[in-house]
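One structure below.
Now the structure itself:
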């Protein structure tokens, strides 16, 4: 869609089925191999390997400070901006290591969208919030922008609530609406992967329900990785679940299995609430 | 809790309080009186400044006439001409000239300190900027007189280096610390989640600063500029030293460049240089007070504007 943007990572490979694109056996959209993350001398992630299947929802669970959010920020390289942060290992997106020196982090982040814990719309109008991403990636045409804004807001199930006045300040929306706006903002740059860092933790149950519905409909088109503290939420919306503890991925598998027949004792303790 | 209701009602009567508790209540009352008085004193002082200024200024308006005073084109006290237009224009030119230089550099500097500089360097820079704000204005005047004026004279091949431009640049350096530190605070106060949101969409650092951080800090930055302007318009000593002090009006629009490269006289400099040689109660004396009143009104308006903008910005961020 955004034709004016040069794409470097692997657009050239996309006509073929993605999993055949690289010589390495790539079964998932994102293959994380032996990933470790250090903040200075503190090791936040320890040799994490995980395969994130395409067009599915992967939930990451685990106690606070266990590295779930850090892991998310490794996928879109948002950790690059933290002084002293350093990674080893590989994160393969369609077979290409995103930490390779020839990868442009900004285009990577265009393909890997992110939604944060606290809704963080910019102090601009609803329209400007959604149009921001396409604009910085070179879309200037007004009607095209308007199209993208409407499409993204519809996709994020917010359009009907705001269509009468998309020029009103985003900060005037309710928390749940703001979070859906942030999802729309992320969708506007047409990512392939959506990272969600506890997107419902600041929302009431009704707004949470709407976001969960939205996630279920978005997984048709997007690969979603969601960090959550809510076990019920993880089991409701995710196809796969990974359990993190102290920077390690303890167990990874289909959600049904993780929540009913966990293999690891620690996973069982955590999902049954017998933990810490 | 477990005790009976009767003892409870006894317990909340003042005369039953322990000595310590009584003293604590008295201290509370005394503190509130002291704070109230100090607060009101500040307002009273401001009010009396205004009253005394107005008392000596008002005769000007009957002796000279308010219109003749405000838009009279000639300030020649020896000929009983008390038009402050040249002084007003002089002040405004020097002030706006200063802002044209100080605002872009000041904001750029604030962005550098808040967003770009490495953290260890940041604290050093902040200290230096604060130090800069503490330099007495006479020192700036010295630098303007000894370094800037000869430079301006040489570059533009002028008969004298004491010009509006020299004054504007000197004032720019004086108002910059205010602009830098207030806008730096405003930029630092922009929530990190805003820039995270922008970066996660694939924006570069510069795009994030330009389109998200600065617009979010806009009200603080505007207020910073107005505060800088307040500093510039009220500055006396440095301006007196470097602007040449000739009350001249620009000769139409084409005369503007020449005006800017020639000596000007500002309102503040006029008060400072004339006050010593006037007879108390004379028209000249009253006129100087009227200039003071005009300055008071201008800086009051500027500060009010800054305050309003800051407050509106504060509400917008909620």
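Residue numbers (our numbering), protein chains in the order written: chain E, 1 to 276; chain L, 1001 to 1318.
Where a beta carbon is used, it is the ideal one built from N, C-alpha and C, also for glycine.
C-beta neighbour in chain E for residue 1203/L, strict 8 Å: yes
Segment contact, 8 Å Cβ cut-off, at least three pairs: the stretch 1259-1272 of chain L with the stretch 1226-1238 of chain L: Output reads yes: the stretch 1226-1238 of chain L touches the stretch 1259-1272 of chain L.
Short-range partners of chain E found in the stretch 1209-1238 of chain L, where Cβ spacing is below 8 Å: 1211, 1212, 1215, 1216
Residue 1126/L (DSSP reduced to helix, strand or coil): Helix at residue 1126/L.
Cβ neighbours of residue 1057/L in the same chain (closer than 6 Å, five flanking residues each side left out): The residues are 1289, 1290, 1293.
Reference residue 61/E, options 186/E, 196/E, 100/E, closest by Cα: 196/E
Reduced DSSP category for residue 1163/L - H, G, I as helix; E, B as strand; rest coil: coil
Candidates 254/E, 250/E, 203/E, 256/E: closest to residue 265/E by CA position: 250/E
Contacts around residue 263/E, its chain only, beta-carbon distance under 7 Å, and the 5 residues preceding and following it disregarded: 251
Inter-residue CB distance, residue 1267/L and residue 1091/L (contact presumed, cutoff 8 Å): 5 Å
Candidates 70/E, 135/E, 58/E, 55/E: closest to residue 246/E by CA position: 70/E
Classification of residue 1146/L by the beta-carbon crowding that lies within 10 angstroms, buried from 16 upward: Counting Cβ neighbours within 10 Å, residue 1146/L comes out exposed, since fewer than 16 surround it.
First and last residue of the uninterrupted beta strand (DSSP E) at residue 225/E: In the DSSP assignment, residue 225/E falls within the beta strand (DSSP E) that extends over 223-227.
Option in 1079/L, 1132/L, 1127/L, 1184/L with minimal Cα separation from residue 1115/L: For residue 1115/L, the nearest C-alpha among the options comes from 1184/L.
Short-range partners of chain E found in the stretch 1190-1202 of chain L, where Cβ spacing is below 8 Å: 1191, 1193, 1194, 1196, 1197, 1198, 1199, 1200, 1201, 1202
Exposure of residue 126/E, with buried meaning 16 or more beta-carbon neighbours within 10 Å: buried
Neighbouring residues, chain L, relative to residue 118/E (Cβ below 8 Å): One finds 1193 in chain L with Cβ atoms closer than 8 Å to the Cβ of residue 118/E, taken in chain order.
Beta-carbon proximity check, residue 228/E vs residue 44/E, cutoff 8 Å: no
Amino acids of chain E, ordered along the chain, whose beta-carbon sits closer than 7 Å to that of residue 1207/L: 136
Where residue 296/E sits in the DSSP three-state scheme: As shown, chain E starts at 1 and ends at 276. That puts residue 296/E outside it, with no answer to give.
Coil, strand or helix - residue 104/E by DSSP: coil
Residues, ordered as in the chain, of the stretch 176-188 of chain E that lie near chain L by beta-carbon distance below 9 Å: 182, 185, 186, 188
Between the CA atoms of residue 241/E and residue 224/E - distance to the nearest angstrom: 12 Å
Residue range of the unbroken alpha helix (DSSP H) whose run includes residue 1142/L: 1137-1143
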